[in-house]
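Chemist: First residue of the sequence shown? That's 1 in UniProt numbering, and the numbers climb one at a time after it.
C-beta atoms are modelled at their ideal positions from N, C-alpha and C, and glycine is treated no differently.
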Amino acid sequence: MAVPLPRDFKQPKMEKYDGSSDPVRSPQGKDELLKDFITRFNRATLGIKDLQMSAVVTAMMSGTQSRPFKMSLSKNPLDTMHELLRRGKKYVDAEEAYLSYQKFKKSK
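#1: Name the two residues that bound the continuous alpha helix (DSSP H) containing T45.
#2: For residue 162, name the three-state secondary structure that DSSP assigns.
#3: With the cut-off set at 8 Å, would you say V57 and L85 are in Cβ contact?
#4: Report yes or no: do the stretch 45–54 and the stretch 86–100 share at least 3 C-beta pairs separated by less than 8 Å?
#5: Hey, quick one: how far does the alpha helix (DSSP H) through S26 stretch, first residue to last?
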């Protein structure tokens, strides 16, 4: 049963969603540091209600460019977001140490 809209009805103005806050549709950029990706991923997941950890881990695995981090996530399942961020920090630290070493080698 169709009901006509009131004469003074105004459709709300909404900006088109660009998908940038969707962790599944926003993979790590080719030159993006793991630290920046994890920070962006974490911000995107903060607003999601009833977040299932299996979905979070799957999204992180499909989004990250870090193979060692991806393998770690697949081998050792996580139960909480805190565990995911703590594990990610280990790989961020390793990436930063490697980049620092590469910068040191170039300066010689």
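Modeler: Looking at the atomic coordinates:
#1: As a position in the sequence shown, residue 45 is number 45, starting the count at 1. Start and end: L34 to L46.
#2: A question about residue 162 goes unanswered here, because the residues of the chain that appear run from 1 up to 108.
#3: Along the sequence shown, read from residue 1 onward, the residue named residue 57 stands at position 57. Along the sequence shown, read from residue 1 onward, the residue named residue 85 stands at position 85. No, the pair does not count as a contact, with Cβ atoms beyond the cut-off.
#4: no
#5: Against the sequence shown, residue 26 aligns to sequence position 26. Careful: S26 lies outside any alpha helix (DSSP H) and carries neither H nor E.
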